[in-house]
Amino acid sequence: MVTAHIEELELMSGWGESDPTMRGRVSFPLYAAHGCEAASTVYFEVQPGDHIGRHTDSAEEILFIVDGTGEAVVGDERVPVMRGALALVPELVPHDVYATGDSPLRVLGFFAAATVESVFDETMEPIGRRVLGTPPVEATARH
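Residue numbers (my numbering): -2 to 140.
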């Protein structure tokens, strides 16, 4: 059995090229490289006042708010979210998540695919790309 614990994840920092509030820390706890065949997960943290950045994903996603308070923007809808909330993000629908509380917003996303490609409206640093996603299977085959 493959397991992961969100408190033990190695998080990668990312930020928008020109938007100082577009920043967060992210990890992919389980996906194709770990043996997933039809699902994957993403975990991210956003500091108060920041957001992850508007983007689309190649698979449907369910967001679970682990901790904190924020707003989920899915298409033209903007709804408040807090610890314990779930939000559905359809495949290829633009979305964003904002941390609006006094503490970091911690989110676990569940995708309906073992690998996912995300296309951001803005270039993400430090990698200098708009297209991101689950790491390549070959790069993490040691897991």
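Quick reminder that beta carbons are idealized off the backbone N, C-alpha and C, glycines included.
{"Query": "For Y95 and E119, the rounded distance between their alpha carbons", "Result": "16 angstroms"}
{"Query": "Helix, strand or coil at I3 according to DSSP, with G and I counted as helix", "Result": "helix"}
{"Query": "Three-state secondary structure assigned by DSSP to A84", "Result": "strand"}
{"Query": "Boundaries of the beta strand (DSSP E) in which P118 is found, first to last residue", "Result": "The sequence shown places Asp at residue 118, not Pro. Note, D118: beta strand (DSSP E), E114 to E122."}
{"Query": "Nearest-angstrom Cα separation, counted from G130 out to F41", "Result": "13 angstroms"}
{"Query": "Straight-line gap, H52 to E4 (C-alpha atoms, nearest Å)", "Result": "26 angstroms"}
{"Query": "Which listed residue (P101, F61, D93 and R75) has its alpha carbon closest to that of A84", "Result": "F61"}
{"Query": "Host beta strand (DSSP E) of I62 (start-end)", "Result": "E58 to D64"}
{"Query": "Residues near T137 in its chain [Cβ-Cβ closer than 6 angstroms; skip 5 each side]", "Result": "Per-residue confidence for T137 stands at a pLDDT of 44, beneath the threshold of 50, marking its modelled position as unreliable; no derived number is given."}
{"Query": "Closest residue to V71 among P77, V90 and D64 (Cα-Cα distance)", "Result": "V90"}
{"Query": "Span separating the alpha-carbon of E14 from that of V128", "Result": "13 angstroms"}
{"Query": "One or two residues paired with E68 in a DSSP bridge", "Result": "P77 and Y95"}
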